[in-house]
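Read the structure below first, then the notes.
2 protein chains.
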Amino acid sequence: MDDALDAVFKALADPTRRRILDLLKPGPKTTGQLCGAFAELSRFAVMKHLGILADAGLVLVRREGRQRFNYLNTVPIRQVYERWMGPYAELWSSSLLRLKDHVERDLHRDDNDGK
Amino acid sequence: MDDALDAVFKALADPTRRRILDLLKPGPKTTGQLCGAFAELSRFAVMKHLGILADAGLVLVRREGRQRFNYLNTVPIRQVYERWMGPYAELWSSSLLRLKDHVERDLHRDDNDGK
DNA sequence: ATGTTATGTGACTAAATAGTAACATGTTTT
DNA sequence: AAAACATGTTACTATTTAGTCACATAACAT
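Chains R and U are the protein sequences, given in the same order.
Counting in the numbering used here, the first sequence runs from 1 upward without gaps.
Counting in the numbering used here, the second sequence runs from 116 upward without gaps.
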């Protein structure tokens, strides 16, 4: 279960790949167009990132003639949220309480333990 | 902006670190208790993971005597959702449409291009 | 004081990852 | 057919990351 999401987490861990996803937000782009947006990277570095994104299901590919159109697929992002982050969302309020508790205990520690 | 979230994405990319966060959900644990939960890893491997989680702000530390209590802090997770995933959430429906479009175009391609 | 327990550090190894360069394939255009 | 173009592949290098081992520090109990 978490295994399927692992590839998504790993794919999202790289800033270049997140930038690629941002570029695909408005609509699909060819591999060449994407490479043009990354002057600092070699064409193949971009292609490898695209491969990782495609393996994670974040990018879908449609080939048309000699061009390859890369589509953003947000479904895996949604799954990461629903299956993994959602359960943490339930803790958002209690986490703030814990943080408050954490700080208060430290203050208390300072009172007793001045040094 | 994205820079601050980068450490969080990177920290979440590792399955062991996600497991540590899961273990901290019910409440804080000492470093030793966490190490006990990872029989397959050395104590120090766990400590390094804790260090990365702490650097990302996902784990807060309170020292008490010779023990160190590790607290889950879900705020960075929330920030990742709000600042990064949220904007993608707006595309969830249109992404499905795009996927539908993607499939239909491929079917159409097969019709014309039977090969 | 001294032994035990809990955590922190320094130096190193092994594997995964990001990257480049050079070459290969396949498609349109002429 | 041949030039031009877009993408794919093979082989290699460098950097980062995950990991271990051995040692150091710090706190509590006797």
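We put the beta carbon where it would ideally sit given N, CA and C, even for glycine.
For the beta strand (DSSP E) containing residue i, name the first residue and the last one.
i: Phe-184 (chain U); result: 182-187
i: Val-174 (chain U); result: 174-179
What do you get for residue i, buried or exposed, if any count of 16 or more other CB atoms within 10 angstroms of its CB means buried?
i: Ala-37 (chain R); result: exposed
i: Pro-202 (chain U); result: exposed
i: Pro-76 (chain R); result: buried
i: Thr-131 (chain U); result: exposed
i: Lys-10 (chain R); result: buried
i: Lys-163 (chain U); result: exposed
i: Ala-171 (chain U); result: buried
i: Gly-229 (chain U); result: For Gly-229 (chain U), the pLDDT reaches just 32, beneath the cut-off of 50, and the residue's location in the model is therefore unreliable, although a value from the coordinates is still provided. It counts as exposed.
I want to verify the contact list: residues of chain R whose CB lies under 7 angstroms from the CB of residue i, in sequence order.
i: Phe-124 (chain U); result: Leu-12 and Ala-13
Taking Cβ-Cβ distances shorter than 8 angstroms, what residues in chain R pair up with residue i?
i: Asp-121 (chain U); result: Pro-15
In chain U, which residues lie with their C-beta within 9 angstroms of the C-beta of residue i?
i: Glu-20 (chain R); result: Looking at the sequence provided, one finds Ile at residue 20 (chain R) rather than Glu. The premise fails here: Ile-20 (chain R) is roughly 13 angstroms from chain U at the closest Cβ pair, so nothing lies under 9 angstroms.
i: Lys-25 (chain R); result: Pro-202, Tyr-203 and Leu-206
Nearest CA to the CA of residue i: which residue from the options?
i: Arg-198 (chain U); options: R:Arg-18, R:Ala-7 and R:Asp-6; result: R:Arg-18
i: Ser-208 (chain U); options: R:Leu-72, R:Ala-89, R:Met-85 and R:Glu-90; result: R:Leu-72
i: Ala-7 (chain R); options: U:Val-123, U:Ala-128 and U:Thr-146; result: U:Ala-128
i: Glu-64 (chain R); options: R:Glu-90, R:Gln-79 and R:Thr-31; result: R:Thr-31
i: Ala-169 (chain U); options: U:Arg-158, U:Tyr-196 and U:Phe-184; result: U:Phe-184
i: Arg-193 (chain U); options: U:Gln-182, U:Glu-205 and U:Leu-173; result: U:Leu-173
i: Ala-89 (chain R); options: U:Thr-189, U:Ile-135, U:Arg-181 and U:Arg-177; result: U:Thr-189
i: Arg-62 (chain R); options: R:Gly-27, R:Ala-4 and R:Leu-5; result: R:Gly-27
i: Gly-166 (chain U); options: U:Ala-119, U:Ile-135 and U:Lys-140; result: U:Ile-135
i: Lys-144 (chain U); options: U:Glu-155, U:Phe-159, U:Ala-160 and U:Leu-175; result: U:Leu-175
Which residues in chain U have a C-beta closer than 7 angstroms to the C-beta of residue i? List them in chain order.
i: Ile-52 (chain R); result: Result: empty, since nearest Cβ-Cβ is about 12 angstroms, beyond 7 angstroms.
i: Thr-74 (chain R); result: Tyr-203, Leu-206, Trp-207 and Ser-210
Going by DSSP, what residue range makes up the alpha helix (DSSP H) through residue i?
i: Tyr-88 (chain R); result: 86-89
i: Arg-193 (chain U); result: 190-194
Quick one: list the residues of chain R neighbouring residue i, beta-carbon separation under 9 angstroms, in chain order.
i: Arg-193 (chain U); result: Met-85, Tyr-88, Ala-89, Trp-92 and Ser-95
- alpha helix (DSSP H) segments (min. 4 residues) lying fully within the segment 136-174 of chain U: 146-152 and 158-170
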